[in-house]
Amino acid sequence: MRKIIHVDMDCFFAAVEMRDNPALRDIPIAIGGSRERRGVISTANYPARKFGVRSAMPTGMALKLCPHLTLLPGRFDAYKEASNHIREIFSRYTSRIEPLSLDEAYLDVTDSVHCHGSATLIAQEIRQT
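Just add 4 to wherever you are in the sequence shown, counting from 1, and you've got this note's numbering.
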């Protein structure tokens with residue numbers, strides 16, 4: 005039986021922004037469209053989600069739900085760098101990594117000797133890293 009871990013990092017772009025600028029942690033932020041042009045939200049942090057702001061939402065609608073929303077442009081080089089670092093962590097547990105996007109991957113840990121081969125324990129350890 006194969007042991008597959010599905011990793012999906014919640015509000016990844018927003019998490020990178022908050023990591024790089026801790027002042028953003030407790031205020032509603034979203035990555036995506038600007039106030040001046042039509043666009044959509046790529047992701048939003050939890051403070052923004054409390055107001056109903058969601059991924060793929062038109063920016064105008066997000067601003068109606070949360071007028072004090074801080075909109076940030078995407079910094080895809082920073083997100084790629086963070087994603088590469090996370091994939092390095094995955095590679096400590098398995099070489100069988102199937103990336104789906106910058107913030108999502110499948111890990112085949114069937115043959116992993118880490119955590120006594122327990123996919124559950126490996127997932128918990130990765131989450132804490």
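We put the CB at the ideal spot given by N, CA and C, even for glycine. In this text the structure is predicted, and so the values were computed from the model without any measurement.
Each residue's CA atom was taken as its position, placing ALA82 and GLU92 some 16 angstroms apart.
Per the Cβ contact rule, the region 89-104 is not in contact with the region 52-61 (fewer than 3 Cβ pairs under 8 angstroms). Residue environment: ALA48 is assigned as buried (16 or more neighbouring CB atoms within 10 Å of its CB, all protein chains considered).
The beta carbon of GLY64 lies closer than 8 angstroms to those of ARG42 in the same chain, with the five residues before and after it left out. Excluding its 5 nearest sequence neighbours in each direction, GLY78 has C-beta neighbours in its own chain below 8 angstroms: PHE17, ILE35, GLY36, SER46, listed in chain order. The Cβ-Cβ distance between LEU76 and ILE33 falls below 7 angstroms. Beta bridge pairing from DSSP links ASP12 with GLU108. By the Cβ test, the region 114-127 is not in contact with the region 21-28, since fewer than three Cβ pairs between them sit closer than 8 angstroms. In the DSSP assignment, SER95 falls outside any beta strand (DSSP E) and within the unbroken alpha helix (DSSP H) covering 80-95.
THR114 sits in coil when the DSSP states are folded into three classes, being neither helix nor strand.
Rounded to the nearest angstrom, the Cβ distance from LEU73 to ALA52 is 6 angstroms, consistent with a contact under 8 angstroms. If one requires a minimum length of 4 residues, the alpha helix (DSSP H) runs lying completely within the region 22-90 are 50-53, 63-69, in chain order. In the DSSP secondary-structure assignment, GLU102 is bridged to TYR110.
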